[in-house]
Amino acid sequence: MHSADPNRYDARMPYRRCGDSGLLLPEISLGCWHNFGHVDDQHEARAILRRAFDRGITHFDLANNYGPPPGSAEENVGRILAEDFAAHRDELLISTKAGHEMWRGPYGEWGSRKHLLASLDQSLKRLRLDYVDIFYSHRPDPNTRLEETMSALATAVHSGRALYVGLSKYPLKALKKAVRILKDMGVPCTIYQPPYSILNRWPEAEGIHDWLEEKGIGSVVFSPLAQGMLSGKYIDTIPDGSRAARSDGFLQASQVTAQLEKIRALHQIASERGISLQHLALRWVLDHSSVTSAIIGARNVTQLDDSLAALQAPKLDVETLALIDAISPALKKDDAEA
Ligand SMILES: NC(=O)c1ccc[n+]([C@@H]2O[C@H](COP(=O)([O-])OP(=O)(O)OC[C@H]3O[C@@H](n4cnc5c(N)ncnc54)[C@H](OP(=O)(O)O)[C@@H]3O)[C@@H](O)[C@H]2O)c1
Numbered sequence: 264m265h266s267a268d269p270n271r272y273d274a275r276m277p278y279r280r281c282g283d284s285g286l287l288l289p290e291i292s293l294g295c296w297h298n299f300g301h302v303d304d305q306h307e308a309r310a311i312l313r314r315a316f317d318r319g320i321t322h323f324d325l326a327n328n329y330g331p332p333p334g335s336a337e338e339n340v341g342r343i344l345a346e347d348f349a350a351h352r353d354e355l356l357i358s359t360k361a362g363h364e365m366w367r368g369p370y371g372e373w374g375s376r377k378h379l380l381a382s383l384d385q386s387l388k389r390l391r392l393d394y395v396d397i398f399y400s401h402r403p404d405p406n407t408r409l410e411e412t413m414s415a416l417a418t419a420v421h422s423g424r425a426l427y428v429g430l431s432k433y434p435l436k437a438l439k440k441a442v443r444i445l446k447d448m449g450v451p452c453t454i455y456q457p458p459y460s461i462l463n464r465w466p467e468a469e470g471i472h473d474w475l476e477e478k479g480i481g482s483v484v485f486s487p488l489a490q491g492m493l494s495g496k497y498i499d500t501i502p503d504g505s506r507a508a509r510s511d512g513f514l515q516a517s518q519v520t521a522q523l524e525k526i527r528a529l530h531q532i533a534s535e536r537g538i539s540l541q542h543l544a545l546r547w548v549l550d551h552s553s554v555t556s557a558i559i560g561a562r563n564v565t566q567l568d569d570s571l572a573a574l575q576a577p578k579l580d581v582e583t584l585a586l587i588d589a590i591s592p593a594l595k596k597d598d599a600e601a
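Numbering-wise (my numbering), the sequence shown opens with residue 264 and increments by one.
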C-alpha cells in the first residue's frame, strides 16, 4: 500500500468544476496512453502514479487499447491501483474508453452496443474495479446510429458500471446530436475529451469549446504538450528514446519537422518571459475558461514534476496571447490539414 502524502490536498493543485456537474477535476490529470504498457518500466509507472496522487492528481485517464500491447495499460494500472491505492478508491476518478480497434473480428471496435459494453466489462476486469468513474465513446462511428452508441453509454450508467459518461473527438454536429440523445435517455453527457494545445486548436476554431461552456459540459483536453513537441526537447534535435524517435508511429519525426518553425518561435516567446516552453504551453491551455483539466503524459517522475510546476507559473498576459495567436492561429481541422 502506498503511504500517501498527507498534504496532497494542500491547495497546490486547484480543482475545477466539470461543466455544471457535481464533479471536480484537478487542473492537471494524468493520462496512461504511453508509459504504462507491458513494454514499459513498471517501477517508473508505479512511481509516476504515486507522485501524481501525492500532488493532488485525482484523475487517471485510460482506454481499452492503451499499452502496448492493447489492454496492458489497464492491467498494469489495475494492479497498481489494487496494490497501492485500494484505500483511496473514493479519492480517484478513473476513466476508460471504447471505440478504437481493440480485438479482432466485427465487434472489436467502433460504436455498437456490442463493442462498447463488452469492452467496458473487459476494462473493469483488467482494472480490477467494480465501476469506472467516466466511460467514453472514444470516437464517433460513421456507420452506427448515434442512438445505439448513446444507448450503450446510458446502459453503462444504469447498470452501475460507470458513474458518468463522456464523448471524445466528436465533431460539433455529431456532438450536439449525441448530447441531446443522452439527455433524452436520462443520462447527461458530463464531459468531452478533445485534443487541445497551442499547435492543435481545432476544437476552439470549430466552436466546440464555446458550445460546451454554454451547455455546462466540461472539457478535459488531451495532449496539451502536443505529444511532447511543446516540451522544448525537439528544438535542436530528436532525442533518443523520445516519442518521435520511437517506431510506434504515434508521433512521426516528420510531424516535428513540420512544426519546428512554430516550436522555435514559441520557445523564443517563453524564453523572453523567463519560463519554459512546457510552462507556456500548459498555462496557455489552462488559461482558457472552457478547459476543465489538461490530461498530460509523463515518461518519468521528472517530466510529471515539470508539468506540475506549470501550476505555479503566472497567467499569460494579453500581449503574450496575441503573439501566440500570430504564430499558431486557431484553425479548423480541414484548414489546419490543408
Ligand atoms: N481521447 C483520445 O483519443 C486521446 C488521444 C491521445 C491522448 N489521450 C489522453 O491524453 C493523455 C496525454 O497525451 P500525451 O501523452 O500525448 O500528452 P502530452 O502531455 O502532450 O505529451 C506527453 C509526452 O511529452 C513528453 N514530455 C512531457 N514532459 C516532458 C519534459 N519535461 N521533457 C521532455 N519531454 C517531455 C513525454 O514524451 P517522451 O516519450 O517523448 O519523453 C510525454 O510522454 C494520454 O495519456 C491519454 O490519456 C486521449
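Glycine residues also receive a C-beta, built at the ideal position from the N, C-alpha and C atoms.
What is the DSSP secondary structure of Phe-299, counted as helix, strand or coil? As a position in the sequence shown, residue 299 is number 36, starting the count at 1. In this structure, Phe-299 counts as coil in the three-state DSSP scheme.
With a 10 Å radius around its C-beta and 16 neighbouring C-beta atoms as the bar for buried, classify Asp-396 as buried or exposed. By one-based count along the sequence shown, residue 396 stands at place 133. Answer is buried; the Cβ neighbour count reaches 16.
Among the candidates Glu-411, Ile-444 and Gln-490, whose CA atom is the shortest distance from the CA of Leu-545? The count along the sequence shown starts at 1 and reaches residue 545 at position 282. For Leu-545, the nearest C-alpha among the options comes from Gln-490.
Backbone secondary structure at Arg-280 - three-state DSSP: Here residue 280 refers to the residue found at position 17 of the sequence shown. In the structure shown, Arg-280 sits in a strand (DSSP, three-state: E or B).
Presumed contact (8 Å Cβ cut-off) between Pro-458 and Phe-485, rounded CB distance: On the sequence shown, residue 458 is found 195 positions in, with the first residue counted as 1. On the sequence shown, residue 485 is found 222 positions in, with the first residue counted as 1. Between Phe-485 and Pro-458 the Cβ distance is about 5 Å, and since that is below 8 Å, they are a contact.
Look up Thr-407 in the DSSP assignment and say whether it is helix, strand or coil. Start at 1 with the first residue of the sequence shown, and residue 407 comes out as number 144. Three-state result, Thr-407: coil.
Given a cut-off of 8 Å, decide if Tyr-427 and Leu-579 are closer than it, judged by their beta-carbon atoms. As a first step, residue 579 must be located in the sequence shown, where it is residue number 316. As a first step, residue 427 must be located in the sequence shown, where it is residue number 164. Not closer than 8 Å, so no.
Pairing CB atoms from the stretch 500 to 512 with CB atoms from the stretch 522 to 536, are three or more of them under 8 Å? no
Checking the sheet assignment: what are the DSSP bridge partners for Leu-440? For the purposes of this step, residue 440 is identified with residue 177 of the sequence shown, where counting begins at 1. With the sequence shown as reference, residue 440 is identified as Lys, and Leu is not the correct amino acid for it. DSSP output for Lys-440 lists no bridge partner at all.
Within a Cβ cutoff of 7 Å, which residues of the same chain sit near Arg-389, ignoring the five residues on either side of it in sequence? For the purposes of this step, residue 389 is identified with residue 126 of the sequence shown, where counting begins at 1. Within the same chain, Arg-389 has close Cβ partners Gly-334, Glu-337, Glu-338 and Gly-341.
Assuming Asp-317 and Ala-267 are in contact, meaning their beta carbons sit under 8 Å apart, how far apart are those beta carbons, in whole angstroms? Translated into the one-based positions of the sequence shown, residue 317 becomes position 54. Translated into the one-based positions of the sequence shown, residue 267 becomes position 4. Contact flag correct, Cβ pair sits at about 6 Å.
Inter-residue spacing [alpha-carbon to alpha-carbon] between Ala-593 and Leu-488: Taking the sequence shown and counting its residues from 1, one reaches residue 593 at position 330. Taking the sequence shown and counting its residues from 1, one reaches residue 488 at position 225. Going by the C-alpha atoms only, they are around 16 Å apart.
Closest by CA to Arg-464, which one among His-265, Asp-597 and Leu-325? Within the sequence shown, numbered from 1, the residue matching residue 464 stands at position 201. Checking every option, the nearest Cα to that of Arg-464 belongs to Asp-597.
Per the DSSP calculation, His-378 is bridged to which residue(s)? One-based indexing of the sequence shown puts residue 378 at position 115. Answer is none; His-378 lacks a bridge partner.
Looking only at its chain, what residues have a beta carbon closer than 7 Å to the beta carbon of Ile-602, apart from the 5 residues adjacent to it on each side? This structure cannot settle anything about residue 602, because the visible part of the chain is limited to 264 through 601.
Check each candidate in Ala-308, Gly-300, Leu-356 and His-363 and name the one with the smallest Cα separation from Pro-331. Counted from its first residue, the sequence shown places residue 331 at position 68. Minimum Cα distance to Pro-331 is reached at Gly-300.
Whole alpha helix (DSSP H) runs in the stretch 446 to 475 with 4 or more residues, listed along the chain? 465 to 468
Measuring only from the beta carbon, is Gly-560 closer than 7 Å to any heavy atom that is part of ligand 1? Translated into the one-based positions of the sequence shown, residue 560 becomes position 297. It does: the Cβ of Gly-560 is within 7 Å (strictly closer) of some heavy atom of ligand 1.
For Leu-571, count neighbouring Cβ atoms within 10 angstroms of its own Cβ and tell me buried if that reaches 16, exposed if not. In the sequence shown, counting from the first residue as 1, residue 571 sits at position 308. Buried, because 16 or more other Cβ atoms sit within 10 Å of the Cβ of Leu-571.
Looking at Arg-506 and ligand 1, is the gap between the Cβ and the nearest heavy atom below 7 Å? In the sequence shown, residue 506 corresponds to position 243, counting from 1. The answer is yes for Arg-506.
Who are the Cβ neighbours of Gly-495 in its own chain at under 7 Å, not counting the five residues just before and after it? Start at 1 with the first residue of the sequence shown, and residue 495 comes out as number 232. Hits under 7 Å: His-530, Ser-539, Leu-540 and Gln-541.
Under 7 Å from any heavy atom of ligand 1, does the C-beta of Gln-456 make it? Sequence index remark: in the sequence shown, residue 456 carries index 193 (1-based). Flag set: Cβ of Gln-456 near ligand 1.
Distance cutoff 8 Å, beta carbons only. Does Pro-592 sit that close to anything in chain C? In the structure shown, chain C does not exist; there is a single protein chain.
Exposed or buried, which one is Ala-585 when buried takes at least 16 other CB atoms within 10 Å? For the purposes of this step, residue 585 is taken as residue 322 along the sequence shown, with counting starting at 1. It is exposed - the Cβ of Ala-585 has fewer than 16 other Cβ atoms within 10 Å.
For His-322, which beta-bridge partners are listed by DSSP? On the sequence shown, position 59 is the one that residue 322 refers to. Answer by DSSP bridge pairing, in chain order: Leu-356.
Where Asp-588 sits in the DSSP three-state scheme: Sequence index remark: in the sequence shown, residue 588 carries index 325 (1-based). Residue state, collapsed to three classes: helix.
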